[in-house]
Each structure stands twice: as structure tokens, then as C-alpha cells.
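As C-alpha cells, the structure follows; a few thoughts come after it.
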Amino acid sequence: MLAIRERLAADQAQLVQALGLASCDARLEAQLLMAAALDVNRAWLLAHDDEMLAPPVAARYTSWLKHRLTGEPIAYIFGEKEFYGLMFKVSPAVLIPRPETELLVELALARIPVDRPCRVLDLGTGSGIIAITLAKLRPLAELVAVDVSPEALELAQANARNLKADNVQFIESDWFSALNSVEKFDVIVSNPPYIAANDLHLTQGDLRFEPINALAAGGSGRVALEVLIQTAARHLKPEGWLLLEHGYDQGEYTRNALAVAGFGETQTYPDLARVDRVSIG
Ligand code: GLN
Numbered sequence: 163m164l165a166i167r168e169r170l171a172a173d174q175a176q177l178v179q180a181l182g183l184a185s186c187d188a189r190l191e192a193q194l195l196m197a198a199a200l201d202v203n204r205a206w207l208l209a210h211d212d213e214m215l216a217p218p219v220a221a222r223y224t225s226w227l228k229h230r231l232t233g234e235p236i237a238y239i240f241g242e243k244e245f246y247g248l249m250f251k252v253s254p255a256v257l258i259p260r261p262e263t264e265l266l267v268e269l270a271l272a273r274i275p276v277d278r279p280c281r282v283l284d285l286g287t288g289s290g291i292i293a294i295t296l297a298k299l300r301p302l303a304e305l306v307a308v309d310v311s312p313e314a315l316e317l318a319q320a321n322a323r324n325l326k327a328d329n330v331q332f333i334e335s336d337w338f339s340a341l342n343s344v345e346k347f348d349v350i351v352s353n354p355p356y357i358a359a360n361d362l363h364l365t366q367g368d369l370r371f372e373p374i375n376a377l378a379a380g381g382s383g384r385v386a387l388e389v390l391i392q393t394a395a396r397h398l399k400p401e402g403w404l405l406l407e408h409g410y411d412q413g414e415y416t417r418n419a420l421a422v423a424g425f426g427e428t429q430t431y432p433d434l435a436r437v438d439r440v441s442i443g
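If you're matching positions, the sequence shown starts at 163 in our numbering and goes up one per residue.
Structure representation (C-alpha cells):
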């Protein structure tokens, strides 16, 4: 039997070999799986890594590690992922929340008043992270969150219930199709699919396990952005805002398309990796 420390070292090496992870990432991942199996935090784990593992803990850890060695993302193995300080359930029916989407939420928060009602639409809500985070931080806002996938909506509704966000209404809809164009919104946000269908990234890493409909948008990667930009104005109030997440090389395209669609003021913002990530009209 190995102590925790030896176990982690051996499995770090396995993760490097199986997934091509950098050795610091592999080390962190082995620690995360072990800490979760023990139901402790990493600080506790590192302070007790000379201990032996009890058989049920070892079994849980080994089963998770086996999944991870096939490439399955940790968020799907645990069934949850943190976003903007809140914990969301995730499943392979939805995209895994990413830190770059926190930029979209921040920019939307700056356009949703704290002290009065505001109607906000989230298109392609997935696990609901954007709509639910906005709803929690702006309790007076009325959120509408749509998705074309019933599985995603079910998960998003479970997240809204768990996080007690009762100001979100969920609707099954292919973009705007099920929405009544008489009811206009102050703010429309979306993290749509924006990767080109032949992009090799789709065959690598976590992306292989994520729903392709949530990632890829035609040969250009622009199909969803195009539909959203062309249709959004009909569903926006005159002073309303459209906020779109997009790829690092789609800022200029998105700003131009917004201008062509009649949006007066447009701007692109970089994410923490300093690449274009969100454009606003
Ligand atoms: N930013 C994600 C990635 O490149 C893609 C998310 C999306 O398509 N909306 O991994």
C-alpha cells in the first residue's frame, strides 16, 4: 500500500503520459481528485499526505482517476463547476463554464441597474451560469433564459432552484424563435457557439467531451453570431444592449456586423489572456 504522497506522484506521471498535461497541471489534478475523494480541501491533503488511504476512499479516487485518464474533463467527473463564486451542476449536455465568460457577466452587470427592474435575455443558456449569476446579483432584474436543448434547460432549472434564483424564466427555443417580438429586452447576452467546424481544437482536450452544438458554428464559426446580430435589434428596446462572447479573432468581424445591423456604438473587450473576447453594441 502506498501513502497518499506516493500515490499522487505516481498518478501525476500517469496523467502526464496519458493526456500530455504539463506536470504542474497533472499534479494539481491528482490533488483535486484525491481531495474530493477524501472530502477535504487541498491544504488538509498536503498536510496529511503521509497517511494511508482507507479502502473506500481509494476505490472512489481510483474510479475518478480512471475516468480522467480517458480524457473526461474533471468538471463532468465531479458533475459541478464553480463560476463567478457560485457552484453549478454540469453534465455532458452543457458546455463547462469558463473563466472568460466571467467577463461577459461583468460587462452585463455594468448595464443592468441595481435599483430598478430590467428585462434581460440569455440566449443559449446551457447550464444557466450567465442568467443565474445575473439574476442573483440583480434581484430586481427579470431574466429570460432560452436553450434549444431540453437536457440543458432541465439542468439550468435545477441550478436555478439550488441557487435560489427565482427571477429567471426558462424557455425552450432555437435562439429567438419561441420569443414574442412584442416583449422587448433592455439587455441581451449570449455565449454562442463560435468555433469553426473544422478547427482542430474540437478534437483535443476537454472540447472532445463537450456538446458540439454548443461549440461549433458552421465552417466559418460565425453562423450563430450572425443570426444573433441580425435578429437581436427586433427584440431590444431602443437604448438596449447586445453583449456577445466570441473567439479571439472575431472581434473585428463582430463589431462590423453589429454596425451593419444598425448598432450605433460598438466596442470589443479583451479577456484575462488579453485576447478579444466580448463585443457590445
Ligand atoms: N471559449 C471556448 C473555447 O474556446 C468556446 C466557447 C464557445 O464556443 N462558446 O474553448
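For glycine and all other residues, C-beta sits at the position ideal for the given N, C-alpha and C.
The structure displayed is predicted, hence computed values, not measured ones.
Helix, strand or coil for residue i, going by three-state DSSP, please let me know.
i	result
Trp403	strand
Ser225	helix
Leu257	coil
Ile357	strand
Leu398	strand
Phe371	helix
Glu427	coil
Glu262	helix
Ala378	strand
Val440	strand
Nearest by alpha-carbon distance to residue i: which of the options is it?
i	options	result
Gly290	Arg273, Cys280, Lys251, Glu268	Lys251
Ser339	Gly383, Gln366, Ala358, Leu285	Leu285
Gln319	Glu407, Thr295, Met196, Trp337	Thr295
Ala376	Val282, Ala359, Gln366, Ile391	Ala359
Gln331	Ala293, Ala314, His363	Ala293
Glu264	Asp411, Leu406, Phe425, Ala423	Leu406
Trp337	Leu190, Gly241, Val389	Val389
Asn342	Gln174, Asp173, Pro259, His397	His397
Arg260	Ile442, Ser441, Ala435	Ala435
Arg222	Ile236, Asp212, Ala199	Ala199
Pro354	Gly380, Phe347, Met249, Arg370	Gly380
Trp226	Asn203, Met196, Gly413, Glu242	Met196
Asp277	Ser253, Gly402, Leu302, Glu262	Leu302
Could you give the first and the last residue of the continuous alpha helix (DSSP H) run that contains residue i?
i	result
Tyr415	413–422
Tyr238	236–240
Pro312	312–324
Leu170	166–181
Glu334	Taken as a continuous stretch (DSSP letters only), Glu334 belongs to no alpha helix (DSSP H), being part of the beta strand (DSSP E) at 330–334.
Val389	385–394
Arg204	204–209
Leu364	Premise fails: Leu364 is in no alpha helix (DSSP H) and is neither H nor E.
Which residue comes first and which comes last in the beta strand (DSSP E) that contains residue i?
i	result
Ser185	Note, Ser185: premise wrong, no beta strand (DSSP E); alpha helix (DSSP H) at 185–200.
Arg436	No beta strand (DSSP E) contains Arg436, which DSSP labels as neither H nor E.
Leu248	248–251
Val351	347–352
Should residue i be counted as a contact of ligand 2 given a C-beta to heavy atom distance under 7 Å?
i	result
Leu257	Questions concerning ligand 2 fall outside what the structure shown contains, since the ligands it does hold are ligand 1.
**OP:** Let me know the alpha helix (DSSP H) ranges lying completely inside the stretch 264–320, each 4 residues or longer, listed in chain order.
**Re:** Within the stretch 264–320, complete alpha helix (DSSP H) segments of at least 4 residues are found at 291–299, given in chain order.
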